[in-house]
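Colleague: So the numbering used here is basically just the index in the sequence shown, starting at one, shifted up by 14.
From the three backbone atoms N, C-alpha and C, an ideal C-beta is built for every residue, glycine too.
Please read through the structure below; I'll follow up with questions.
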Amino acid sequence: MKSAGIIIGSIIVSFAFNLFLIPHGIMSSGISGLSIILSMLTSINTGIYNFFLNFPLLVLGYLKLGRKFIFYTILSVITISITLYAIPVFKLAEDPILSSIFGGAIVGLGIGIIFRSSGSSGGFDIIGMLLARRKDFPMGTLLFAMNSVVILLSGFLFSWDAALNTLVSIFVLGKVIDKVHTHHVKLTLMIITRKGEEVKQHLLKKCLSWGNGDRLCWGFFE
């Protein structure tokens, strides 16, 4: 099921690129955005750049995030690269602002599905995952901060209209990711029971198996 989620999310991302963002010169986030920029400058397909620019970050992900994560990420990168190459670039909407909003939302949905399936779409997502695990930051907020470089590049190389549309797209993308991918959210649960020791041992066992931090606070009510 997770592999299916990775593939579906990746296809959604590629459709958003080729139908909403690329036709209007609107960049996307991270490595995908850089791939679009290079493709527009050289006429080489976006999927080719996407694959080769992701390779060093895939190695980093393998070293820091584990074998299963990197397998799903490689599956996503390959799927996105192939579908970007296979899906024709077609201007679905004439208005660039609407395209940036809907394109960003659809890309965010696709990436959110990929995150929920225990993978990433590569690129800055890998860096964002590492930072989110260490600092408990929302993924969408991290990606928005890192993607400022894409906005600046699109402004200097093409036009500031494209840069502003890119800013809108990336902002919407980040908000949608935070709605779909909620693993950074922390919950507090209060349990009132007469079987405190049994509950304690059960929770400790579960928390250790999940690899999460835990804190047990003892108290009473009168």
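Rounded to the nearest angstrom, what separates Ala119 and Ser57 at their Cα positions?
Modeller: Here residue 119 corresponds to residue number 105 of the sequence shown, with the count starting at 1. Here residue 57 corresponds to residue number 43 of the sequence shown, with the count starting at 1. Distance between the alpha carbons of Ala119 and Ser57 is about 26 Å.
Colleague: Tell me which same chain residues have a C-beta within less than 7 Å of the C-beta of Gly136, skipping the five on either side of it?
Modeller: Locating residue 136 in the sequence shown gives position 122, where the first residue counts as 1. Within the same chain, Gly136 has close Cβ partners Ile45, Asn68, Leu71, Leu72, Thr87, Ser90 and Val91.
Colleague: Going by DSSP in three states, Met160 sits in which element: helix, strand or coil?
Modeller: Locating residue 160 in the sequence shown gives position 146, counting from the first residue. Met160: helix per DSSP, three-state reduction.
Colleague: Val164 and Gly122 - do their beta-carbons sit closer together than 7 Å?
Modeller: Residue 122 sits at position 108 when you count from the first residue of the sequence shown. Residue 164 sits at position 150 when you count from the first residue of the sequence shown. It is not a contact, given that the beta carbons lie outside the stated cut-off.
Colleague: By a C-beta neighbour count over all protein chains shown, 10 Å radius and 16 as the cutoff for buried, is Ile184 buried or exposed?
Modeller: Stepping through the sequence shown from its first residue, residue 184 is reached at position 170. Flag for Ile184 reads buried.
Colleague: Report the three-state DSSP secondary structure of Arg81 (helix, strand or coil).
Modeller: Within the sequence shown, numbered from 1, the residue matching residue 81 stands at position 67. Arg81: helix per DSSP, three-state reduction.
Colleague: For Ala176 and Val186, what's the separation of their Cα atoms in angstroms?
Modeller: Taking the first residue of the sequence shown as 1, we reach residue 176 at position 162. Taking the first residue of the sequence shown as 1, we reach residue 186 at position 172. Roughly 15 Å separates the two Cα atoms.
Colleague: Considering only C-alpha positions, which residue in the set Phe116, Ser134, Arg130 and Ile22 is nearest to Gly75?
Modeller: Counting from 1 along the sequence shown, the entry for residue 75 is found at position 61. When only C-alpha atoms are compared, the closest one is Ser134.
Colleague: Please state whether the Cβ-Cβ distance between Val194 and Gly126 is less than 7 Å.
Modeller: The residue you call residue 194 lines up with position 180 of the sequence shown. The residue you call residue 126 lines up with position 112 of the sequence shown. Yes, the pair counts as a contact, with Cβ atoms nearer than the cut-off.
Colleague: What is the rounded straight-line gap between the Cα of His198 and the Cα of Phe129?
Modeller: Taking the sequence shown and counting its residues from 1, one reaches residue 198 at position 184. Taking the sequence shown and counting its residues from 1, one reaches residue 129 at position 115. Note that His198 has pLDDT 47, beneath the 50 cutoff, so the model's placement of it is unreliable and the number below is only indicative. Their Cα atoms are separated by approximately 11 Å.
Colleague: Using CA coordinates, which residue listed in Glu212, Val103 and Ala159 is at the minimum distance from Gly61?
Modeller: The residue given as residue 61 occupies position 47 in the sequence shown. Selected option, being the one with the closest Cα: Val103.
Colleague: Which class does Val73 belong to by DSSP, given the choice of helix, strand or coil?
Modeller: Residue numbering aside, residue 73 sits at position 59 when the sequence shown is read from its first letter. Of the three classes helix, strand and coil, the one that applies to Val73 here is helix, per DSSP.
Colleague: Within this structure, are the beta carbons of Ile21 and Thr97 separated by less than 7 Å?
Modeller: Within the sequence shown, residue 21 is the residue found at index 7, counting from 1. Within the sequence shown, residue 97 is the residue found at index 83, counting from 1. Against a cut-off of 7 Å, the Cβ pair of Thr97 and Ile21 comes out as no contact.
Colleague: Are there 16 or more other CB atoms within 10 angstroms of the CB of Ser131, so buried, or fewer, so exposed?
Modeller: As a first step, residue 131 must be located in the sequence shown, where it is residue number 117. The residue in question, Ser131, is buried, as its Cβ has 16 or more Cβ neighbours within 10 Å.
Colleague: Could you name each continuous alpha helix (DSSP H) segment of 4 residues or more that falls completely within the stretch 101-143, going from the start of the chain to the end?
Modeller: DSSP runs (the alpha helix (DSSP H)) wholly in the stretch 101-143: 110-130.
Colleague: Using CA atoms only, rank isn't needed, just tell me which of Ile40, Thr207, Pro37 and Leu144 is closest to Lys78.
Modeller: For the purposes of this step, residue 78 is taken as the residue at position 64 of the sequence shown. Out of Ile40, Thr207, Pro37 and Leu144, Leu144 has the C-alpha closest to the C-alpha of Lys78.
Colleague: Quick check on DSSP: helix, strand or coil for Phe172?
Modeller: As a first step, residue 172 is located in the sequence shown; it is residue number 158 there, counting from the start. In this structure, Phe172 counts as coil in the three-state DSSP scheme.
Colleague: Do you know offhand how far Leu35's Cα is from Gly80's?
Modeller: Indexing the sequence shown from 1 puts residue 35 at position 21. Indexing the sequence shown from 1 puts residue 80 at position 66. Approximately 32 Å, taken between the alpha carbons.
Colleague: Taking Cβ to Cβ, would you say Ser95 is nearer than 7 Å to Asn64?
Modeller: The count along the sequence shown starts at 1 and reaches residue 95 at position 81. The count along the sequence shown starts at 1 and reaches residue 64 at position 50. Yes, they are a contact pair.
Colleague: Find out if the Cβ-Cβ distance for the pair Gly117, Ala30 is shorter than 7 Å.
Modeller: Taking the sequence shown and counting its residues from 1, one reaches residue 117 at position 103. Taking the sequence shown and counting its residues from 1, one reaches residue 30 at position 16. Contact flag set, yes.
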